[in-house]
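K.L.:
First, the structure itself, so that you have it in front of you.
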Amino acid sequence: MSEEIISEIEEDLQKERFKKYWKNYGKYISLLIVFIIFAVGGWQIYEFLEKRRNIEASNVFLNILDVSKEDTEKAIEQIDNLENMPNGYELLIKFQKANLFIKNNQVTEAILLFNQIYQDKSIDQNYRDIAFLLSIMHQYDQENSITKLDNVISTNEHFAMLAKELKAYILYDDGKIKEAQNILEEILNSPNI
């Protein structure tokens, strides 16, 4: 019987402690719970809006690709009218616009756009290197082409071989046939190819 009384007293003490804690900290606990609910809800709304924005951008991009098949000028016009695309789609759109310029034999405009991408430090280096390599493929006699290709060769293992091929082509075209042959032999003997 004494155990029951002790157990009952302990329960009463626990209830009193809980009431005391609640009286002292209840407001803070309630605010914390409300904050967590709003934070989770806000995050869910943000993710929903971002997903919707990306889906809309994806649809716009696919529409531009469809229009590009039929009318490149109209596709370029649609690209020029775009605003506030998510970063990934903005970059894809720039590459597509450069591609459309090339299809329209507007190589100079394409090169300028590729160089714009290459010089934008906010873009991942791999995409910047792709833009540079594409610009060289379409107009290799740009200023400092060899130096920039050497930079890609030394810093980007993914595109080093392509950069070496372009460098060999430029050297060959400049009459430096032996240097071009050496680079091509190096490519052929590379274990990474």
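Using the working numbering, you'd call the opening residue of the sequence shown number 1219 and step up by one each time. Note that beta-carbon positions come from the ideal geometry of N, C-alpha and C, so glycine has one too. Here the structure is a predicted model, which means the values were calculated and not measured.
Is residue 1376 closer than 9 Å to residue 1344 when the C-beta atoms are compared?
P.N.:
Sequence index remark: in the sequence shown, residue 1344 carries index 126 (1-based). Sequence index remark: in the sequence shown, residue 1376 carries index 158 (1-based). The answer is yes: Cβ separation under 9 Å.
K.L.:
Any idea what DSSP makes of residue 1260, helix, strand or coil?
P.N.:
Taking the first residue of the sequence shown as 1, we reach residue 1260 at position 42. Looking at residue 1260 - three-state DSSP - the assignment turns out to be helix.
K.L.:
So what's residue 1394 in DSSP terms, helix, strand or just coil?
P.N.:
Your numbering for residue 1394 matches position 176 in the sequence shown. Correct three-state label for residue 1394: coil.
K.L.:
In terms of alpha-carbon separation, which member of 1374, 1366, 1373 lies closest to residue 1385?
P.N.:
What you label residue 1385 is simply residue 167 of the sequence shown in a count that begins at 1. The shortest Cα separation from residue 1385 among 1374, 1366, 1373 belongs to 1366.
K.L.:
Could you tell me the boundaries of the alpha helix (DSSP H) in which residue 1321 lies?
P.N.:
Here residue 1321 corresponds to residue number 103 of the sequence shown, with the count starting at 1. First-last of the alpha helix (DSSP H) with residue 1321: 1305-1321.
K.L.:
Within a Cβ cutoff of 8 Å, which residues of the same chain sit near residue 1309, ignoring the five residues on either side of it in sequence?
P.N.:
As a first step, residue 1309 must be located in the sequence shown, where it is residue number 91. Contacts found: 1335, 1341, 1345.
K.L.:
Output the distance between the C-alpha atoms of residue 1357 and residue 1325, rounded to the nearest integer angstrom.
P.N.:
If you number the sequence shown from 1, residue 1357 lands on position 139. If you number the sequence shown from 1, residue 1325 lands on position 107. Rounded to whole angstroms, residue 1357 to residue 1325 spans 8 Å at the Cα level.
K.L.:
Leaving out five residues before and five after residue 1297 in sequence, what residues of the same chain have Cβ atoms less than 8 Å from its Cβ?
P.N.:
Reading the sequence shown from its first residue, position 79 is the one you call residue 1297. Counting only Cβ-Cβ distances below 8 Å, and skipping sequence neighbours, we find 1282, 1311, 1314, 1315, 1318.
K.L.:
Alpha carbon to alpha carbon, how far is residue 1264 from residue 1224? Give it in angstroms, no decimals.
P.N.:
In the sequence shown, counting from the first residue as 1, residue 1224 sits at position 6. In the sequence shown, counting from the first residue as 1, residue 1264 sits at position 46. If you draw a straight line from the Cα of residue 1224 to the Cα of residue 1264, it is about 53 Å long.
K.L.:
The alpha helix (DSSP H) spanning residue 1345 covers which residue range?
P.N.:
In the sequence shown, counting from the first residue as 1, residue 1345 sits at position 127. Annotation: the continuous alpha helix (DSSP H) that includes residue 1345 extends over 1343-1356.
K.L.:
Which two residues bound the contiguous alpha helix (DSSP H) that contains residue 1368?
P.N.:
By 1-based counting over the sequence shown, the position of residue 1368 is 150. Unbroken alpha helix (DSSP H) run through residue 1368: 1363-1373.
K.L.:
For residue 1390, which residues in the same chain have their Cβ closer than 7 Å to its Cβ, ignoring the five residues on either side in sequence?
P.N.:
Along the sequence shown, one-based indexing puts residue 1390 at 172. If we look at residue 1390 and ignore the five residues flanking it on each side, its Cβ neighbours are 1398.
K.L.:
In this structure, does DSSP put residue 1417 in helix, strand or coil?
P.N.:
Any answer about residue 1417 is impossible in this case: the structure gives the chain only from 1219 up to 1411.
K.L.:
Secondary structure at residue 1388, three-state DSSP: helix, strand or coil?
P.N.:
Taking the sequence shown and counting its residues from 1, one reaches residue 1388 at position 170. If DSSP states are grouped into helix, strand and coil, residue 1388 belongs with the helices.
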